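Engineer: Numbering (our numbering), first residue to last: -19 to 164. My questions all concern the structure below.
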Amino acid sequence: MSFNNGGYLETDDALRMLDLLSQASGSDFYMSLESKGKKVAGEIQTLFSDNMEVLEIGGYSYVAEVASAPGSGKGVARGLPLAVVRDCDAATASIASLLYSQDSDLIVNILVFKAGGDNADRQPFFEIELTGGRVSQHAILTGGMPKRPCEIIVFSYRAVEIKSAPQLVSGIRGAVRSAKLVNN
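Structural data, given as structure tokens:
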């Protein structure tokens, strides 16, 4: 993902990000978005082990890097903004409101499940959790493929935790491994 000199997503880059929409994947992608203790509700009726409300997403892009000054021995790890691509739905206006109000206490969870039904006990095998999040950009566009209204939501954040685990045949996950990064 690239941004122009002004720091915003250009239309050409946004159109290329639509490639993140998963066409045929072996996984199911969801996002949980919470502001001030209230979940943003979408149109999906999916049951999960903790009855959380989720939004269906098509894909995402997460990048972390080590920034170091020339000649320095050790750099500083930092997480760059997370971008999520999804079809527009009932939650689109609520997400736009989060941008306009600039709430900076968002909790964002990207949840990835192995595809395979609606088992209520299933748990994600991969998760990205942002805390202290804020919607920093919101683009709504059509064009290219697919020919339907899509949105790109870019989140900045104070901390990110990545969790991964094997997902057992039953849909329940095995031992969880995690890594946490706090942006300064």
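Quick reminder that beta carbons are idealized off the backbone N, C-alpha and C, glycines included. Bear in mind the structure is a predicted one, so any value in this text is a computation, not a measurement.
Confirm, please, whether the CB-CB distance from Arg157 to Ala145 is below 9 angstroms.
Structural biologist: yes
Engineer: Could you round the C-beta distance between Val140 and Ile108 to whole angstroms and report it? I think they count as a contact, below 8 angstroms.
Structural biologist: In this structure Val140 is in contact with Ile108, their Cβ atoms being roughly 6 angstroms apart against a cut-off of 8 angstroms.
Engineer: Would you mind giving the Cβ-Cβ distance between Gln82 and Arg114, rounded to the nearest angstrom? I have them listed as a contact below 8 angstroms.
Structural biologist: 6 angstroms
Engineer: Determine the closest residue to Val88 out of Glu(-10), Tyr10, Ala155 and Ser52, with distance taken between C-alpha atoms.
Structural biologist: Tyr10
Engineer: If I'm right that His118 touches Ala49 with Cβ under 8 angstroms, what's the distance once you round it to whole angstroms?
Structural biologist: With 8 angstroms as the limit, His118 and Ala49 do not qualify as a contact, their Cβ atoms being about 33 angstroms apart.
Engineer: Pull up the CB-CB distance for Glu23 and Ala70, whole angstroms please, since I reckon it's below 8 angstroms.
Structural biologist: 5 angstroms
Engineer: Which same chain residues end up closer than 6 angstroms to Tyr40 when comparing Cβ atoms and leaving out the 5 residues on each side of it in sequence?
Structural biologist: Val64 and Ile90
Engineer: Under a three-way DSSP split, which group does Tyr137 fall into?
Structural biologist: Looking at Tyr137 - three-state DSSP - the assignment turns out to be coil, as it is neither helix nor strand.
Engineer: By the DSSP assignment, the alpha helix (DSSP H) with Glu73 in it spans what residues?
Structural biologist: Glu is not the amino acid found at residue 73; the sequence shown has Ala there. Segment Thr72 to Ser81, the alpha helix (DSSP H) holding Ala73.
Engineer: Which partner residues of Arg66 appear in the DSSP bridge assignment?
Structural biologist: Glu131
Engineer: Return the CA-CA distance between Asp67 and Lys18, expressed in angstroms with no decimal places.
Structural biologist: 22 angstroms
Engineer: Going by the CB atoms, is the gap between Tyr42 and Leu62 shorter than 9 angstroms?
Structural biologist: yes
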